[in-house]
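Those sequence lines, one after another, are chains A and B. My numbering puts the first sequence at residues 1148 to 1484. My numbering puts the second sequence at residues 582 to 731. To start, the structure itself, in structure tokens.
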Amino acid sequence: MSTRTGKQTVVLSNPPVAIGSAAIVGKKEGDGPLARYFDQIIDDEYFGEKTFEKAESRLLRDTLVKALEKCGKSAQDIHFIISGDLQNQCTAASYAFRDVQVSFIGIYGACSTMAESLALGAMLIDGGAAEMTACLTSSHFCSAERQFRYPLEFGSQRTPTSQWTVTGAGCILLGKQGNGPRITHVTCGTVMDMGIKDANNMGGAMAPAACDTILRHLQDTGRSLDYYDLVLTGDLGSFGRSILTRLLKDNGVEPEGRYDDCGCMIFDLERQDVVCGGSGCGCSAVVLSAYILELMNQKKLNKVLFVATGALHSPTWIQQGESIPCIAHAVSLENNT
Amino acid sequence: MSRKLTKHEYQHLVEKTMPPSRVLRNLLTAFITGGLICAIGQLFLMGLKELGVDEETAYMLTTVIMIFLGALLTGLNIYDKIGKFGGAGASIPVTGFSNSIVSPAMEYKKEGYVMGVGARMFLIAGPVLVYGIFASVVAGLLYYLWSQAM
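Have a look at this one:
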């Protein structure tokens, strides 16, 4: 049974295992430094579908199928699919699984969705409600652009703090038993709004939420940051990463050497013209499920704190002059040592 | 956070540490791009006059040609790159106006010709049209009053 420790952290007494994973990405991500870790790289941004929205849905569905294939399971072994995305009303996920006869929990945590789904999936298993859960999320550059920015062919310049939405889907299958890294602790964040109104500065908006959740996790568990081989934020980008580093230092936590950000890892910031790096639900999802889990399975990393951050705004609220509320959820992944 | 920054302090920190816009580079590329587009327009104007087209028609035809070129380059996935390089230098000339109408038309074709193309075509150009027409009405009124008073 799960127990609570401190203000926001849940200790999983029988830590669920990441028994399988898969990640499918787009062409630009496939040109990046992590290319060889992905299961599939799609050159066609439509993925053989008629619209970008459908392409994103297919990304999700295919990623789940791939993850199941890799660990020899079938959809009927899954008790819950926990998934969400950036499209209005989370439709990429809902449409993706309309023909899959499995209980579906649709969630919206913006770019924190991967951590949110892992947290929920792990607690469901540890609480005895499921034997196996599928936690997955996606984003698509083109569907996100039309949701949050301008038409693709509109000629405009990006601001120096902007980021590039990752096209990709990542899936992690959690099981009660098996081999692989285990989710030992979950710290669900609170909604934080530090008054940033610039929707092109997600890193700056989300960094305080990441800082708050990391500090909360450390305080609740009594651990120091040194306990982890790697603290991994979702998509703060290079600017958000530098702000978070500074906020942590101001609070007496030294992140140097054991902190990185998925948004800075998935692209080559110098070469790939993405300004501050990658963003979107898919960003942290594919880096975690392809790259980080691989390193953990090879025992090159044994303790990872995965902290995915999300900006919980909509274009409507921003146009009405409101600032950006943000959230960060932390999931502690550990190998049995 | 245990050491709480106020919202104000945090916003100040973000503004202070944010990477700055490359103003000089942007000014220069906007100048070059906008200048080139206008020079091309000037060439068409002079060419048309050379062909014996009267002045008023030549101006009108030049605008039509530039709007067409903006739309064509948008359709060929080229104008967004010009816009990315040239910034305001690419969006202020009439080719940019054309780009701002054609790009949503292309993007929203999937939602159909009425609610997609029709409803969304002026997504970006709409404000320019609304306030452009409004300003011309005000200018016309002032001109009328001025000419009556003279």
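Beta carbons are placed, not taken as given, at the ideal position from N, Cα and C, and that holds for glycine. Keep in mind the model is a prediction, meaning the values are calculated, not measured.
In the assembly as shown, P1462 (chain A) is an exposed residue. Its beta-carbon has fewer than 16 other beta-carbons within 10 Å. For D661 (chain B), the enclosing alpha helix (DSSP H) begins and ends at 660–667. In this structure, L1379 (chain A) sits near I1439 (chain A), with a CB-CB distance shorter than 8 Å. Beta-bridge partners of Q1467 (chain A) (DSSP): none assigned. Across the structure, A1214 (chain A) and K1220 (chain A) are spaced so that their CA atoms are roughly 9 Å apart. In its chain, beyond the 5 residues on either side, L654, N680 have a beta carbon closer than 6 Å to the beta carbon of Y660 (chain B).
A Cβ-Cβ separation of about 29 Å leaves L1391 (chain A) out of contact with D1273 (chain A) under the 8 Å criterion.
In this structure E1196 (chain A) is in contact with R1205 (chain A), their Cβ atoms being roughly 6 Å apart against a cut-off of 8 Å. V1164 (chain A) and N1326 (chain A) do touch by the CB rule: their CB atoms are close to 7 Å apart, below 8 Å.
Close partners of S684 (chain B) in chain A (Cβ separation under 9 Å): Y1297, P1298, L1299, E1300, F1301, G1302. Annotation: Q1366 (chain A) to A1316 (chain A) spans about 32 Å, alpha carbon to alpha carbon. The C-beta of E596 (chain B) has fewer than 16 other C-beta atoms within 10 Å across all chains shown, which makes the residue exposed. Take the alpha-carbon of S1389 (chain A) and the one of A1437 (chain A): they are about 25 Å apart. For I682 (chain B), the closest alpha carbon among the candidates A:I1228, A:L1459, A:S1168, A:G1302 is that of A:G1302. Look at Y1406 (chain A) here: in three-state DSSP terms it is strand. Here the alpha carbon of D635 (chain B) sits roughly 44 Å from the alpha carbon of T1306 (chain A). Spanning the alpha carbons of C1423 (chain A) and M599 (chain B) requires a straight line of approximately 11 Å. Taking the Cα positions, L710 (chain B) is about 25 Å away from L657 (chain B). Annotation: Cβ neighbours of G668 (chain B) in chain A (cutoff 7 Å, chain order): Q1304. Cβ atoms of C1318 (chain A) and T1210 (chain A) come within 8 Å of each other, at about 5 Å.
Spanning the alpha carbons of S1286 (chain A) and D1232 (chain A) requires a straight line of approximately 6 Å. Within chain A, the residues F1301 have their CB atoms less than 8 Å from the CB of S681 (chain B), given in chain order. In terms of CA proximity to Q1187 (chain A), A:L1207 leads the group A:L1207, A:V1478, A:F1199. Within chain B, the residues placing a beta-carbon under 8 Å from that of T1198 (chain A) are K691, ordered along the chain. Under the Cβ distance rule, I1439 (chain A) does not count among the residues neighbouring chain B, no pair being separated by less than 8 Å. CA-CA distance, M1353 (chain A) to T1360 (chain A), rounds to 11 Å.
For D635 (chain B), no chain A residue has a C-beta closer than 9 Å to its own C-beta; the minimum C-beta separation is roughly 33 Å. Counting the other CB atoms within 10 Å of its CB gives P1298 (chain A) a total of 16 or more, which places it among the buried residues.
The Cβ-Cβ distance between G667 (chain B) and T587 (chain B) does not fall below 8 Å. Cα atoms of A1257 (chain A) and T1284 (chain A): separation of roughly 10 Å, rounded to the nearest angstrom.
Near chain B, meaning a CB-to-CB distance below 9 Å, the residues of the stretch 1385–1397 of chain A are S1385, F1386, S1389, I1390, R1393, L1394, D1397. Straight through space, the alpha carbons of H589 (chain B) and G1351 (chain A) are spaced by roughly 13 Å.
Relative to the Cα of K1396 (chain A), the nearest Cα in the group A:R1296, A:D1415, A:P1355 belongs to A:P1355.
In this structure, the straight-line span from the alpha carbon of E1481 (chain A) to that of R1293 (chain A) is close to 38 Å. In the three-state scheme derived from DSSP, where H, G and I count as helix and E and B as strand, K1217 (chain A) is classed as helix. The C-beta distance from G677 (chain B) to A671 (chain B) rounds to 5 Å, short enough to meet the 8 Å contact threshold.
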